[in-house]
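J.: Here the sequence shown is numbered in our numbering, starting from 1348 and rising by one per residue. Just dropping this structure here.
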Amino acid sequence: MIRLFKNLKFRLIATLGVVLFILFYGFGHIVIKTLENSYQQALEASLFTVLKDIKHDFHEDPDKEIAFEETKKEFDVPLLYAQIVAYDSMSNIPTIIQRSDDSEEETLNIEPSIIQQIFEHPDEIVFSTMSNTKLTQKKIYIGTMFLAQKEYQMLFLQCAMPYDKHTPQIKEMISTLWIGLSLVLCIILVIAYILISKSLFNVQRVTNTAKAISTQDLHSTIPQTHIAYEIDDLIDTFNTLLNELQHAYAQVKQFGQNASHELKTPLTIIKGEVEVGLRKERTAEEYQHILNNVGKEVNTLHNVIEKILFLSSSTKADLKKHFSEVYLDEVLLDAIQEKNALAEQKNIALRIETLEPQNIQGNATLLKIALSNLIDNAIKYSPKNTTIHIALKPHELLIHDEGMGIKKEDLEHIFEQFYRGDANQTTTEGSGLGLAIVKNIFDLHDCTIVVQSHVGKGTSVLVSF
């Protein structure tokens, strides 16, 4: 039972059924109440007419006995319970003066509250109900009005008719409404069940397709149903997320392969150096040479691991919380000064063509890392006795070197983690993480970076802020 209540189809049908039941039978109740009120108003109108007619005849000849039977025939009333009541204001005791034949010596109720209402509003008719099984099994609807006053007595006229709240017509209407509305409710629920089943079938198909997708099937997508916009929108959202996950999975897989390669090489060298040192006794100079090689490879490992941690742990939201106004021209000058010594070793000139003030919201330390990496790459891949041109203009930074350039097939991969072109792997040292970090930092600052290169002529890096 609990499982049934957790079923979405059951809950939708049950909720719809309850809502429609309330609406339909609320409507039916209003219709029946309207008919009952109409019948009661019609009965009051009949009693009003009869009472006024009898009162008119009484005022024309007060001493003449009222002919209730003639009035009954005149207005075509099947049953008419009528009586004239004399109310003694001294004793407060009502006395029946005259009754209609239909009353069968039974007395109609006249409550003190009715008399009080007539005292307050003598021209009005007060309606009330009573039950008397000797007269009828139905209720009796009574109209009471002031007739005349004789000395210490007040005369009241009462006329009544049998009153059945549910007339045959109303009973028939109730049956019709119950059957009709129940049938309509069942039809609507059946149609709703079919539509909901069809919609949920498409959802289940989407679910089954999603379950069938595995990490080995990276290019699968869920086909659109072309039946419901909401479901197709959900499929589009899921496919977008799936594409991002597939891309991320591919990157992680490639990252793992490249990371394992980059870490394996220095570890192999360290292991080899240690094994060489342990084979036999060596001189202090030989041990020092071995330790220098080991230390160099340890530094390489340290740099690679630091960059891997940076790429994997830094989040855009966390870093942006600590952004402040940064003077980019000052950060660029610091980066140039830091790399000046490295450039002088190869007799490379770092020429500042333009340096205009530029303020942005960001992290100065990260921006310096990115700019230092760009300048460092330009120095690494430039031959001796060349010039690196640097220009900072409003909203853009250009760094152009006269180095070996980058092949067209390598250019689109340069920002991938651990990617290094074939030529770079043999000519320069590096881990393949520098430009990946640069791209991450500039993306964090909502900056775009574009690299253009020609083999043998040099490379230009344009950063737009």
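Glycine residues also receive a C-beta, built at the ideal position from the N, C-alpha and C atoms.
Can you tell which of F1405, S1529, K1618, K1731 has its C-alpha closest to the C-alpha of K1693?
T.: K1693 has its Cα closest to that of K1731, out of F1405, S1529, K1618, K1731.
J.: DSSP on I1489, reduced to helix/strand/coil?
T.: Of the three classes helix, strand and coil, the one that applies to I1489 here is strand, per DSSP.
J.: Within 10 Å of its beta-carbon, does G1527 have 16 or more other beta-carbons around it, so buried, or fewer, so exposed?
T.: Flag for G1527 reads exposed.
J.: Thinking just about the alpha-carbon of each residue, which of A1429, T1733, F1371 is nearest to the one in L1398?
T.: Closest option to L1398, Cα to Cα, is A1429.
J.: CB-CB under 7 Å to T1774, same chain, minus the five flanking residues each way: which ones, in chain order?
T.: Note on T1774: pLDDT 46, under 50, position unreliable in the model; the coordinate value appears next. Answer for T1774: no residue qualifies.
J.: E1421 to D1449, Cα distance in whole Å?
T.: Cα to Cα, the separation comes out at about 16 Å.
J.: Short of 6 Å in beta carbon distance, which residues of its chain neighbour H1792, apart from the five on each side in sequence? Order them along the chain.
T.: The residues are G1709.
J.: Residues in its own chain within less than 8 Å of I1461 by CB, not counting five upstream and five downstream?
T.: Closer than 8 Å at the Cβ level, and outside the excluded window around I1461, lie V1473, S1475, T1491.
J.: Quick one: residues in its chain with C-beta nearer than 6 Å to the C-beta of L1648, no 5 flanking neighbours on either side, listed in chain order?
T.: Taken in chain order, the residues that qualify are P1613.
J.: Apart from the five residues on each side of it in sequence, which residues of its chain come closer than 6 Å, Cβ to Cβ, to R1446?
T.: Here the set comprises Q1430.
J.: Could you name each continuous alpha helix (DSSP H) segment of 4 residues or more that falls completely within the stretch 1396-1472, going from the start of the chain to the end?
T.: Segments of the alpha helix (DSSP H) lying fully in the stretch 1396-1472: 1415-1421, 1459-1467.
J.: Would you mind stating whether V1802 and L1809 have Cβ atoms separated by less than 9 Å?
T.: Against a cut-off of 9 Å, the Cβ pair of L1809 and V1802 comes out as no contact.
J.: Kindly indicate the opening and closing residues of the beta strand (DSSP E) around D1748.
T.: D1748 -> beta strand (DSSP E) spans 1743-1748.
J.: Could you compute how far the alpha carbon of S1671 sits from the alpha carbon of L1714?
T.: Near 12 Å, if we compare the C-alpha coordinates of L1714 and S1671.
J.: If we count the other Cβ atoms within 10 Å of its Cβ and call it buried at 16 or more, is T1712 buried or exposed?
T.: Exposed, since its Cβ has fewer than 16 Cβ neighbours within 10 Å.
J.: Could you say if the stretch 1714-1728 and the stretch 1669-1689 meet the contact criterion of at least three C-beta pairs nearer than 8 Å?
T.: Cβ pair count under 8 Å is three or more, so yes.
J.: For F1503 and I1443, which I take to be in contact (beta-carbon distance under 8 Å), what is that distance rounded to the nearest angstrom?
T.: Not really, about 10 Å apart at Cβ, beyond 8 Å.
J.: State the DSSP-derived secondary structure class of T1774, mapped to helix, strand or coil.
T.: Confidence at T1774 is low in this model, with a pLDDT of 46, below 50, so its placement is unreliable and no value can be given for it.
J.: So, for E1863: in the same chain, excluding its five sequence neighbours on each side, which residues have a beta-carbon less than 6 Å away from its beta-carbon?
T.: This structure does not reach residue 1863, given that the chain is present from 1348 up to 1812, and the question cannot be answered.
J.: Taking I1735 as the reference, which of D1404, A1696, P1741 has the closest Cα?
T.: For I1735, the nearest C-alpha among the options comes from A1696.
J.: Quick one: what does DSSP say F1812 is sitting in, helix, strand or coil?
T.: Coil.
J.: Shortest alpha-carbon distance to A1518 belongs to which of V1378, Q1705, H1742?
T.: Contrary to the premise, residue 1518 reads as Lys rather than Ala in this sequence. Nearest of V1378, Q1705, H1742 to K1518, Cα basis: V1378.
J.: In angstroms, rounded to a whole number, what distance separates the CA positions of I1465 and E1451?
T.: Distance between the alpha carbons of I1465 and E1451: 26 Å.
J.: Run through DSSP, which three-state label would L1530 get?
T.: Helix.
J.: Can you tell me whether E1620 is buried or exposed? The criterion is at least 16 other CB atoms within 10 Å of its CB, across all chains shown.
T.: Label assigned to E1620: buried.
J.: Taking the alpha helix (DSSP H) that S1295 falls in, what are its first and last residues?
T.: Outside the displayed span of the chain (1348 to 1812) sits residue 1295, for which this structure offers no information.
J.: So, using beta-carbon positions, are L1589 and I1616 closer together than 9 Å?
T.: No. Outside cutoff.
J.: Taking only three categories from DSSP, how would you classify R1698?
T.: Residue state, collapsed to three classes: strand.
J.: How many Å lie between L1359 and G1375 at the Cα?
T.: Taking the straight line joining both Cα atoms gives about 24 Å.
J.: Would you call the CB atoms of A1738 and L1702 closer than 9 Å?
T.: Closer than 9 Å, so yes.
J.: For E1759, tell me which candidate among S1800, L1370, A1688 has the shortest Cα-Cα distance.
T.: The shortest C-alpha separation from E1759 is found at S1800.
J.: Look up S1567 in the DSSP assignment and say whether it is helix, strand or coil.
T.: DSSP places S1567 in coil when its eight states are reduced to three.
J.: So, using beta-carbon positions, are L1335 and T1480 closer together than 9 Å?
T.: Since the first residue shown for the chain is 1348 and the last is 1812, residue 1335 is missing from the structure and cannot be characterised.
J.: Could you tell me the distance, in whole angstroms, from the CA atom of H1747 to the CA atom of K1755?
T.: Answer to the nearest angstrom: the Cα atoms are 17 Å apart.
J.: Flag this pair as yes or no: are the beta carbons of A1495 and H1406 separated by less than 9 Å?
T.: Closer than 9 Å, so yes.
J.: Starting from V1678, follow the alpha helix (DSSP H) in both directions and report where the run begins and ends.
T.: Taken as a continuous stretch (DSSP letters only), the alpha helix (DSSP H) holding V1678 covers 1675-1692.
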